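According to full-length UniProt numbering, the stretch in the sequence shown is residues 1 to 148, in order. All C-beta atoms in this analysis are idealised placements derived from N, C-alpha and C, irrespective of residue type, glycine included. Since the structure is predicted, the reported quantities are computational estimates derived from the model, not experimental observations. What follows is a single structure, written as structure tokens, with notes after it.
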Amino acid sequence: MQVKIVYASMTGNDEDMAEILEEDLQDAGFEVDSSDVSFTDASDYLNADICVFVTYTYGEGKMTDELEDFYDQLKSLDLTGKRFLVMGSGDKTYKDHYCENVFDFEKVFLACGAEEVVKPLTVENAPDDDDIAKIDEIADELAEKFNG
Ligand SMILES: Cc1cc2nc3c(=O)[nH]c(=O)nc-3n(C[C@H](O)[C@H](O)[C@H](O)COP(=O)(O)O)c2cc1C
Numbered sequence: 001m002q003v004k005i006v007y008a009s010m011t012g013n014d015e016d017m018a019e020i021l022e023e024d025l026q027d028a029g030f031e032v033d034s035s036d037v038s039f040t041d042a043s044d045y046l047n048a049d050i051c052v053f054v055t056y057t058y059g060e061g062k063m064t065d066e067l068e069d070f071y072d073q074l075k076s077l078d079l080t081g082k083r084f085l086v087m088g089s090g091d092k093t094y095k096d097h098y099c100e101n102v103f104d105f106e107k108v109f110l111a112c113g114a115e116e117v118v119k120p121l122t123v124e125n126a127p128d129d130d131d132i133a134k135i136d137e138i139a140d141e142l143a144e145k146f147n148g
């Protein structure tokens, strides 16, 4: 099974999350391709069985240009038959905007017809041991469902 992970990260927290998931899924036997959102076209998801998006939120819910470009590409795709999950890092001091872009992308994947396999995982700033354990659990769940 092919997994495509796309991540948006400025200070490395989301990149770390993407890397942890990538390693877990590779260990479980998935074929995983991972790339930075700025160097990725959303149509790359068309070659995957499971689409993963890992994102920061900056600017109180407003998207950065790189996120908005990717969002615009994504929203015109038909992802019927694909599975997806989203996750990301934010900061709770931003209250109602905590990890808002994670949920923006959850909505757009659903609008594209993809099926959500795991609920969004939100992490405060850098992933700690508990967060890493949650990412490991997500990989286990995917392995059980699709590669077991
Ligand atoms: C200027 C600025 C604005 C931010 N706005 C938000 C926000 O609206 N919501 C949120 O959850 N986190 C917000 N954050 C926190 C970042 O999303 C958080 O630090 C995240 O871990 C960064 O991920 P990265 O290391 O992958 O870039 C903001 C941080 C900065 C510096």
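*On the DSSP bridge assignment, give the partners of residue 17 in chain order.*
The sequence position of residue 17 within the sequence shown is 17, counting from 1. Residue 17 is not bridged to any residue.
_Anticipated Cβ contact below 8 Å, residue 126 with residue 13, distance rounded_ = In the sequence shown, counting from the first residue as 1, residue 126 sits at position 126. In the sequence shown, counting from the first residue as 1, residue 13 sits at position 13. Confirmed, Cβ separation roughly 5 Å.
*Separation of residue 93 from residue 115, as counted between CA atoms*: By 1-based counting over the sequence shown, the position of residue 115 is 115. By 1-based counting over the sequence shown, the position of residue 93 is 93. Spanning the two alpha carbons is a distance of roughly 31 Å.
*residue 7 - partner residues in DSSP beta bridges*: Mapped onto the sequence shown, residue 7 falls at position 7. Bridge partners of residue 7: 36 and 54.
*Would you mind reading off the limits of the alpha helix (DSSP H) that contains residue 100?*
In the sequence shown, residue 100 corresponds to position 100, counting from 1. 100–111 is the span of the alpha helix (DSSP H), which, as asked, contains residue 100.
*For residue 147, the three-state DSSP class (helix, strand or coil)*: Counting from 1 along the sequence shown, the entry for residue 147 is found at position 147. Residue 147: helix per DSSP, three-state reduction.
_Spatial neighbours of residue 80 within its chain, please: C-beta separation below 7 Å, excluding the five flanking residues on both sides._
Residue 80 sits at position 80 when you count from the first residue of the sequence shown. Excluding residues within five positions, the ones whose Cβ falls inside 7 Å are 113.
_Three-way DSSP call (helix, strand, coil) for residue 12 in this model_ = Within the sequence shown, the letter at position 12 stands for residue 12. In this structure, residue 12 counts as coil in the three-state DSSP scheme.
*With residue 121 as the anchor, note down where its beta strand (DSSP E) starts and where it stops.*
Taking the sequence shown and counting its residues from 1, the one referred to as residue 121 is at position 121. Start and end: 121–124.
_the segment 34–42 / the segment 4–13 touching (three or more Cβ pairs under 8 Å)_ = yes
*Output the boundary residues of the alpha helix (DSSP H) element that contains residue 85.*
Here residue 85 refers to the residue found at position 85 when the sequence shown is read from its first residue. Run containing residue 85: none in the alpha helix (DSSP H); it sits in the beta strand (DSSP E), 83–90.
*residue 141 in three-state terms, based on DSSP*: Here the question's residue 141 lines up with position 141 in the sequence shown. In the displayed model, residue 141 falls within a helix according to three-state DSSP.
*With a CB to CB cut of under 7 Å and the five nearest residues on each side skipped, what residues in its chain are close to residue 42?*
The residue labelled residue 42 in the question sits at position 42 within the sequence shown. Within its own chain, the residues whose Cβ lies closer than 7 Å to the Cβ of residue 42, once the five positions on either side in sequence are excluded, are 70, 73, 74 and 77, listed in chain order.
*Quick one: what does DSSP say residue 116 is sitting in, helix, strand or coil?*
Here residue 116 corresponds to residue number 116 of the sequence shown, with the count starting at 1. Note: residue 116 maps to strand in three-state DSSP.
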